[in-house]
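Residue 1 is where the sequence shown starts when you use UniProt numbering, and the numbers rise one by one after that.
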Amino acid sequence: MSIDALRDLLPAYAKDISLNLSSLANETVLNDQQKWGCFLASAHAIGIAPVVKAVEAQAATVLTPEAMTAAKAAAAIMGMNNIYYRSLHLMKNQEYTTLPARLRMNVLANPGVTKMDFELWSTAVSAINGCGACMDAHEGELRKHGVANTQVQAALRIASVVHAASRIIASEAALAG
């Protein structure tokens with residue numbers, strides 16, 4: 001399966017999503033590792049089987065096994081961190097922000113790809129999971145290291161379109177089954 005096969009799964013009412021998948025697959029603002037890592041991390045963050053399978057198949061033609069693992073690790077660690085830090089951000093009692101997280105996050109120190117690629121993927125996943133605190137933290141790191149705002153925007157665009165495609169495919173499956 002590939003991005004084109006994923007596009008074929010989308011109903012006619014989602015034509016804009018299909019066209020956006022196509023244009024983002026051909027995006028040149030990001031290098032191939034950054035782009036397909038964003039696609040893969042986003043798909044794994046959402047977890048809709050046909051989307052994960054299609055994106056993983058396409059990403060495997062471009063990414064090294066280490067980069068594939070790192071993109072999945074970004075989805076995994078952000079799945080935990082986004083809930084924890086979003087909760088701290090939303091709670092009125094700021095005492096919780098002074099307590100140590102006491103959650104293992106070793107992958108952040110050595111993700112298996114460049115720190116900036118991992119930060120980019122983490123930003124995309126944080127957008128999907130709706131954690132403003134994490135989005136600000138990761139975007140800040142990217143900007144400190146010279147990553148252009150157009151590159152961050154490209155990661156956010158990928159996350160939003162993968163999210164939309166995933167929700168459409170899941171809702172259509174609900175109707176069919």
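Just so you know, even glycine gets a beta-carbon here, dropped at the ideal spot from N, CA and C.
So, under 8 Å CB-CB, Val-161 and Leu-6 are touching, yes? Tell me the CB distance rounded to an integer number of Å.
Their Cβ separation, rounded to whole angstroms, is 11 Å, which puts Val-161 and Leu-6 out of contact at 8 Å.
Please classify Asn-93: is it buried, with 16 or more other beta-carbons within 10 angstroms of its beta-carbon, or exposed?
exposed
Per DSSP, what kind of secondary structure is Asn-31 in: helix, strand or coil?
coil
Give the secondary structure of Leu-10 by DSSP, where H, G and I count as helix, E and B as strand, and everything else as coil.
coil
What did DSSP end up calling Ala-60 once you bin it into helix, strand or coil?
coil
Beta-carbon gap between Val-52 and Trp-36 smaller than 8 Å:
no
Following the continuous alpha helix (DSSP H) through Gly-112, name the residue where it begins and the one where it ends.
Neither: Gly-112 is in no alpha helix (DSSP H) and is coded neither H nor E.
Just mark Asp-8 as buried or exposed, buried being the case when its beta carbon has 16 or more other beta carbons within 10 Å.
exposed
Using the C-alpha atoms, what's the distance from Val-125 back to Ser-42?
6 Å
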